[in-house]
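Presented below is the structure to which this report refers.
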Amino acid sequence: MSTANLPIKKGESSSELIQLVSFNLGAEEYAVEVLKVREIIRMTPITHIPNTPPSVEGIINLRGKVIPIISLRNRFSMCSTDDDQHTRIMVMDIDGKLMGFIVDGVSEVIRISSGEIQPPPSIAAGGVDQDFICGVIKHGEQLLLMLQLDRMFTSAEQDAFASFG
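What follows is the structure, given as structure tokens:
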């Protein structure tokens, strides 16, 4: 069952285990449901497309499929950095469409109970631009922001991505 349909209540206890892939952008850690991740690949040459939003890096050919590549750093208004040996593209299923997301590094697959997911703070929950933050997880000494990347795009952006592949 997807956590997208779970009501998250403070202090809720549940035995349902959820697997997440954690990744980092700079010093911040994020997590997405492992079932949405199709594969994680090393950086590959990206074909840039003119007149696209700044967060759209371009497209790649992955085994015969054309996949749009999104820079999460740009999408989150973070400073750009050079790619290094840790930089990865997370190929994810976003509403039935494969999309790649550039991240600084992929950390680990973690298992948590759904009761460990706290609701996002009200400062994040109210903004339409931050609707994709669906929870906060305490993992060791770090807080992970749980994301639903399919909520990140407007319907116009989703229509534009549908033209790829």
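Residue numbers (the UniProt record's numbering): 1 to 165.
Glycine included, every Cβ here is placed at the ideal spot set by N, Cα and C.
Please read all numbers here as calculations on a predicted model, not as lab measurements.
- Item | Residue range of the beta strand (DSSP E) that includes L72 | Run containing L72: none in the beta strand (DSSP E); it sits in the alpha helix (DSSP H), L72 to R75.
- Do P50 and residue 166 come within 8 Å of each other at the CB atom, strictly closer than that value? The requested residue 166 does not occur in the structure, where the chain is confined to residues 1 to 165.
- Message: DSSP has G100 in a bridge; who is on the other side?
- Response: I69 and V91
- Run of the beta strand (DSSP E) containing D78, from where it starts to where it stops: It is Met, not Asp, that sits at residue 78 in the sequence shown. From DSSP, M78 is part of no beta strand (DSSP E); its letter is neither H nor E.
- Query: Does the Cβ of E141 have 16 or more other Cβ atoms within 10 Å, making it buried, or fewer, making it exposed?
  - Reply: exposed
- Message: Please identify the residue among G64, I133 and L35 whose C-alpha is closest to the C-alpha of L17.
- Response: L35
- Applying the criterion that 16 or more other CB atoms from any shown protein chain within 10 Å of the CB defines a buried residue, is E39 buried or exposed? exposed
- Does DSSP put residue 171 in a helix, in a strand, or in coil? Outside the shown range of the chain (1 to 165) lies residue 171, about which nothing can therefore be said.
- Task: Compute the minimum distance between the beta carbon of H48 and the heavy atoms of the ligand MN, and state whether it is under 7 Å.
- Result: In the structure on display, the ligand MN does not appear, and there are no ligands present to speak of.
- Minimum C-alpha distance to E57 - residue among K65, D83 and S71: S71
- Determine the DSSP secondary structure at E157, reduced to helix, strand or coil. helix
- Please go through the same chain and pick out, in chain order, the residues whose beta-carbon is closer than 6 Å to the beta-carbon of M43, but skip the five residues on each side of it. D83 and T87
- Message: With distance defined between alpha-carbon atoms, name the residue in A156, D150, V21 and E28 nearest to K97.
- Response: D150
- Query: Closest by CA to S80, which one among D104, R63, L62 and V91?
  - Reply: D104
- Message: Tell me the rounded alpha-carbon separation between I41 and L20.
- Response: 17 Å
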